[in-house]
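Residue numbers (my numbering): 22 to 470. Comments concern the structure below.
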Amino acid sequence: MIQQLKFTFLLFSLLAVSTFAAAQEYTAYLPDDANIQYAGRIDFSNPLKPAFAFPGISIKAKFNGTGVKVNLKGYAGTNYFNVFIDGVFLKKFALGNETINEICQTNLNDGTHTVEITKRTESFLGKAEFLGFDIAGTLLPPDPMPVAKIEFIGNSITCGYGNEDVSTGGFVADLENNYLAYGAVCARELNAQYRAVAYSGRGVAFNFNCSEGDLMPEIYEKYFADEDSGGSNQYDHSSYVPDLIVINLGTNDHNCDNINDDNFKAAYVAFISQLRAYHPNAKILCLTGPMNSSEIYKTRVEDIVETSGGEQNGVYFFHQTPIINNDYRGGHGHPNTLMADINGKEVAAFILANNLLDITSGTGENTPDMGATIFPNPIINGALHIDLTKVREKEMVELNIINMQGKTVCAENLIPGNVHEINMGDKHGMYILVLKNRAGVHIEKIIVL
């Protein structure tokens, strides 16, 4: 009897080990698999080794299974990446001059999951190649990407330089996180596709060190900012056609004593013309960033917008809120993630308020209307009612009411299943109302009489 029990225990143990091993058997999915979803400026000239250097690159897959690994090759320098499983940040990891098989997650519940890898760091830390995912399970068709497309062009502010740092010292690679930079925040707020073409220290007419080489108008033409122009490094502008281009440049130019109205304006206007040649239908939003609140900087960019045709020609201006105090300051005087969140959301609000992006397309196929009803509209006595009784998801609903200057005048969390009254008082005028939770998005223009 004892021998039989031992044999039974051994048999069950072997079966358990065998079952676990089978569950953890990995299948290699190569980069050219149509079910792998890419975002960002990537060179696909070798479809089995797509290469990239700019920050914010995203590689995403949906799968049915229990584990996933990512294969990457790095070159000179050390880049850092984020890992998201089912939309939740899991960890960051480093990639040096090496080829790695990085475990993203194992022992997941057997079912449908997503994995996303995003590049935290910028171009001067070296380029990388994606070599595929290893999945303990089966790769699935991805969810559709958002319809609306935004391209963010900028410097260290757009990169996310020092945004996770708490010191005022120099650059620390693993404390740069493009995912939490203002542009990425803005794109997620609008549920738009995101692309960053950014490099720390660069300007339109002058770089931070007052040099005039490798300026952003030249870098814009490249896949890899630190490699020579032309040839295989000439970027294919038809591969991503943005609906909106956001430019955040000029902070570095204004670090130089030899900047003046003429040279800055000439270079910036020429850059807008360069962008227009590639993307004639895109709207262009020119920002002044949070690290320089001088009137001369703002005035120059406003003049450039007007010279370029202004709003009648689809060119707009917005001044980001300057860094509030040291609680909002990261490494080397840059905005930290708190400040970037404010800057990103205020730019998103301005975009909505001024119809710079189709507010219906930005929700994408996979983000339906949540089922809210707004009444009355127009609002006569100041009382706005929001009916959330038909909202399917019971998660709190985030409300933002934005004026036509892009500033949020009301921000609340509302309980679904109820009718809420919001007192607009004497706030007469037109506003954009935005409701969001996991059930979807509801965006509506409201008028207060």
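Every residue, glycine too, gets a C-beta built ideally from N, C-alpha and C.
Backbone CA spacing between residue 182 and residue 315 [nearest angstrom]
As a working mapping, residue 182 is identified with position 161 in the sequence shown. As a working mapping, residue 315 is identified with position 294 in the sequence shown. Distance between the alpha carbons of residue 182 and residue 315: 21 Å.
Going straight from the alpha carbon of residue 167 to that of residue 212, what length do you get?
Residue mapping note: residue 167 aligns to position 146 of the sequence shown, counting from 1. Residue mapping note: residue 212 aligns to position 191 of the sequence shown, counting from 1. Roughly 6 Å separates the two Cα atoms.
Which residue from 164, 75, 63, 53 puts its Cα closest to that of residue 107?
Here residue 107 refers to the residue found at position 86 when the sequence shown is read from its first residue. It is 164.
Three or more C-beta pairs below 8 Å linking the stretch 148-162 and the stretch 323-330:
no
With a Cβ-Cβ cutoff of 8 Å, do residue 75 and residue 61 count as a contact?
The sequence position of residue 75 within the sequence shown is 54, counting from 1. The sequence position of residue 61 within the sequence shown is 40, counting from 1. Contact: yes.
If residue 342 sits next to residue 301, beta carbons under 8 Å apart, how far is it from one beta carbon to the other, in whole angstroms?
Here residue 342 is taken as the residue at index 321 of the sequence shown, counted from 1. Here residue 301 is taken as the residue at index 280 of the sequence shown, counted from 1. About 31 Å separates the beta carbons of residue 342 and residue 301, which is beyond the 8 Å limit, so they are not a contact pair.
Whose C-beta lies closer than 7 Å to the C-beta of residue 146 among residues of the same chain, with five residues either side of it excluded?
Residue 146 sits at position 125 when you count from the first residue of the sequence shown. Excluding positions up to five away in sequence, the list reads 98, 99, 100, 194.
Residue of 118, 445, 379, 148 minimising C-alpha distance to residue 304
For this step, residue 304 is matched to residue 283 along the sequence shown. Measuring from the Cα of residue 304, the nearest candidate turns out to be 379.
Would residue 410 and residue 446 be called neighbours here (beta carbons separated by less than 8 Å)?
Residue 410 sits at position 389 when you count from the first residue of the sequence shown. Residue 446 sits at position 425 when you count from the first residue of the sequence shown. Contact flag unset, no.
Under a three-way DSSP split, which group does residue 444 fall into?
Within the sequence shown, the letter at position 423 stands for residue 444. It is a strand residue.
Sort 258, 340, 348, 353 by Cα distance to residue 372 and report the nearest one.
Within the sequence shown, numbered from 1, the residue matching residue 372 stands at position 351. Nearest option by C-alpha distance: 340.
Who are the near neighbours of residue 158 in its chain, counting only those whose CB is closer than 7 Å to its CB and skipping five residues on each side?
In the sequence shown, counting from the first residue as 1, residue 158 sits at position 137. Around residue 158: 84, 85, 86, 87.
Inter-residue spacing [alpha-carbon to alpha-carbon] between residue 329 and residue 298:
Here residue 329 is taken as the residue at index 308 of the sequence shown, counted from 1. Here residue 298 is taken as the residue at index 277 of the sequence shown, counted from 1. Approximately 13 Å between the Cα atoms of the pair.
Does DSSP put residue 230 in a helix, a strand or coil?
Here residue 230 refers to the residue found at position 209 when the sequence shown is read from its first residue. Note: residue 230 maps to coil in three-state DSSP.
Do you know offhand how far residue 138's Cα is from residue 113's?
Stepping through the sequence shown from its first residue, residue 138 is reached at position 117. Stepping through the sequence shown from its first residue, residue 113 is reached at position 92. Cα to Cα, the separation comes out at about 9 Å.
Tell me the residue span of the beta strand (DSSP E) that contains residue 304.
Translated into the one-based positions of the sequence shown, residue 304 becomes position 283. First-last of the beta strand (DSSP E) with residue 304: 304-309.
Tell me where the alpha helix (DSSP H) around residue 295 begins and ends.
Taking the sequence shown and counting its residues from 1, one reaches residue 295 at position 274. Run containing residue 295: 282-299, per the alpha helix (DSSP H) assignment.
Consult DSSP for residue 215 and reduce its assignment to one of helix, strand or coil.
For the purposes of this step, residue 215 is identified with residue 194 of the sequence shown, where counting begins at 1. In the structure shown, the three-state DSSP call for residue 215 is strand.
If distances are taken between C-alpha atoms only, which option among 451, 466, 337, 434 comes closest to residue 457?
Working through the sequence shown from its first residue, we reach residue 457 at position 436. Closest by alpha carbon: 434.
Per-residue burial, residue 336 [other beta carbons within 10 Å of its own, 16 or more giving buried]
Translated into positions along the sequence shown, residue 336 becomes position 315. A residue is called buried once 16 or more other Cβ atoms fall within 10 Å of its Cβ, and residue 336 is buried on that count.
Can you tell which of 93, 422, 104, 103 has the C-alpha that lies nearest to the C-alpha of residue 117?
Reading the sequence shown from its first residue, position 96 is the one you call residue 117. Residue 93 is the option with its Cα nearest to residue 117.
Kindly indicate which three-state DSSP category residue 340 falls into: helix, strand or coil?
Locating residue 340 in the sequence shown gives position 319, where the first residue counts as 1. The answer is strand: DSSP assigns residue 340 an E or B state.
For the alpha helix (DSSP H) that contains residue 366, what are its first and last residues?
To locate residue 366, count along the sequence shown from 1; it is residue 345. Segment 358-374, the alpha helix (DSSP H) holding residue 366.
Which of helix, strand or coil does DSSP assign to residue 79?
Translated into positions along the sequence shown, residue 79 becomes position 58. Three-state DSSP puts residue 79 in a strand.
Considering only their Cβ atoms, is the gap separating residue 53 from residue 244 smaller than 8 Å?
To locate residue 244, count along the sequence shown from 1; it is residue 223. To locate residue 53, count along the sequence shown from 1; it is residue 32. Here residue 244 is not near residue 53, since their CB atoms are 8 Å or more apart.
Considering only residues of the same chain and omitting the five flanking positions on each side of residue 253, which have a CB-CB separation below 7 Å?
Here residue 253 corresponds to residue number 232 of the sequence shown, with the count starting at 1. Same-chain partners within the cutoff: 66.
Judging by CA-CA distance, which residue of 363, 318, 352, 293 is the nearest neighbour of residue 334?
Counting from 1 along the sequence shown, the entry for residue 334 is found at position 313. Among 363, 318, 352, 293, the Cα nearest to that of residue 334 is on 293.
Straight-line CA distance for residue 125 to residue 57?
Within the sequence shown, numbered from 1, the residue matching residue 125 stands at position 104. Within the sequence shown, numbered from 1, the residue matching residue 57 stands at position 36. Distance between the alpha carbons of residue 125 and residue 57 is about 16 Å.
Looking only at its chain, what residues have a beta carbon closer than 8 Å to the beta carbon of residue 39, apart from the 5 residues adjacent to it on each side?
Sequence index remark: in the sequence shown, residue 39 carries index 18 (1-based). Low confidence applies here, because residue 39 scores a pLDDT of 42, under 50, leaving its location unreliable and the question unanswered by this model.
Limits of the unbroken alpha helix (DSSP H) element including residue 180
Taking the first residue of the sequence shown as position 1, residue 180 is located at position 159. Unbroken alpha helix (DSSP H) run through residue 180: 177-180.
Please confirm whether residue 50 and residue 151 have their CB atoms less than 8 Å apart.
What you label residue 50 is simply residue 29 of the sequence shown in a count that begins at 1. What you label residue 151 is simply residue 130 of the sequence shown in a count that begins at 1. No.
Limits of the unbroken alpha helix (DSSP H) element including residue 394:
Numbered from its first residue, the sequence shown carries residue 394 at position 373. Residue 394 -> not in any alpha helix (DSSP H); beta strand (DSSP E) instead, spanning 394-396.
Spatially closest choice to residue 351 from 451, 190, 276, by CA coordinates:
Position 330 of the sequence shown, counted from the start, is the residue given in the question as residue 351. Just measuring C-alpha positions, the residue of 451, 190, 276 sitting nearest residue 351 is 190.
Beta-carbon proximity list for residue 414, same chain, < 6 Å, skipping 5 on both sides
Counting from 1 along the sequence shown, the entry for residue 414 is found at position 393. Cβ neighbours of residue 414 beyond the five flanking positions: 458, 459, 460.
Look up residue 277 in the DSSP assignment and say whether it is helix, strand or coil.
The sequence position of residue 277 within the sequence shown is 256, counting from 1. In this structure, residue 277 counts as coil in the three-state DSSP scheme.
Pick out the complete beta strand (DSSP E) segments inside the stretch 98-130, 3 residues or longer, and give them in chain order.
Correct list: 100-106, 109-116, 120-126.
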